[in-house]
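**Student:** Adding 107 to a residue's 1-based position in the sequence shown gives its number in the numbering used here. Note that beta-carbon positions come from the ideal geometry of N, C-alpha and C, so glycine has one too. Given the structure is predicted, the values throughout are model-derived calculations rather than measurements.
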Amino acid sequence: MTANLALMIDQSDHVATAFVPLAAGSAIAVAAGSAAYRVTLRDAIPSGHKFAVADIAAGCEVRKYGASIGRALRAIPAGAHIHLHNLESLRGRGDRS
């Protein structure tokens, strides 16, 4: 288990952000407030990108910094990379109608 490789800001967050590139299969520990997760990454996570700390249902609002950053386009399992392929902004990207 490796620590301090990713950051989760608020205990209500669904995601953590990688400080460095993280390899698929890595076991990562993150915590915020009373929430603590141990996640095995399903995907490689580039530095600065997000990964799910717990399973996220399709259509669920996704939280980062304690605020909604968008909605899951499909079910996202814990440890999966979160980016444009599975998250849509609630403000609208302009390329999806």
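Leaving out the 5 sequence neighbours to the left and right, which residues in its chain are closer than 7 Å to His121 when beta-carbon positions are compared?
**Tutor:** For the purposes of this step, residue 121 is taken as the residue at position 14 of the sequence shown. So the qualifying residues of the chain are Ala159, Val160, Ala161, Ile163, Val169, Arg170.
**Student:** Rounded to a whole number of angstroms, what is the C-alpha to C-alpha distance between Asp150 and Leu180?
**Tutor:** Along the sequence shown, read from residue 1 onward, the residue named residue 150 stands at position 43. Along the sequence shown, read from residue 1 onward, the residue named residue 180 stands at position 73. Near 17 Å, if we compare the C-alpha coordinates of Leu180 and Asp150.
**Student:** Which of the three DSSP states is assigned to Ala187 in this structure?
**Tutor:** Within the sequence shown, residue 187 is the residue found at index 80, counting from 1. Ala187: coil per DSSP, three-state reduction.
**Student:** Tell me, which residues are paired with Ser175 by DSSP?
**Tutor:** Within the sequence shown, residue 175 is the residue found at index 68, counting from 1. According to DSSP, which records beta bridges pairwise, Ser175 is partnered with Arg170.
**Student:** Whose CA, out of His192, Ala136, Ser154, Arg145, lies closest to the CA of Phe126?
**Tutor:** Locating residue 126 in the sequence shown gives position 19, counting from the first residue. Cα-wise, what sits closest to Phe126 is Ser154.
**Student:** Three-state secondary structure (DSSP) at Ala182?
**Tutor:** Counting from one through the sequence shown, the residue named residue 182 turns up at place 75. The answer is coil: DSSP assigns Ala182 none of H, G, I, E or B.
**Student:** What residue range is occupied by the uninterrupted beta strand (DSSP E) comprising Phe126?
**Tutor:** Here residue 126 corresponds to residue number 19 of the sequence shown, with the count starting at 1. Where Phe126 is concerned, there is no enclosing beta strand (DSSP E), given that its DSSP letter is neither H nor E.
**Student:** Suppose the cutoff is 8 Å on Cβ atoms and the five residues either side in sequence are ignored; what does the same chain contact list for Tyr172 look like?
**Tutor:** Sequence index remark: in the sequence shown, residue 172 carries index 65 (1-based). Correct list, in chain order: Ile116, Asp117, Asp120.
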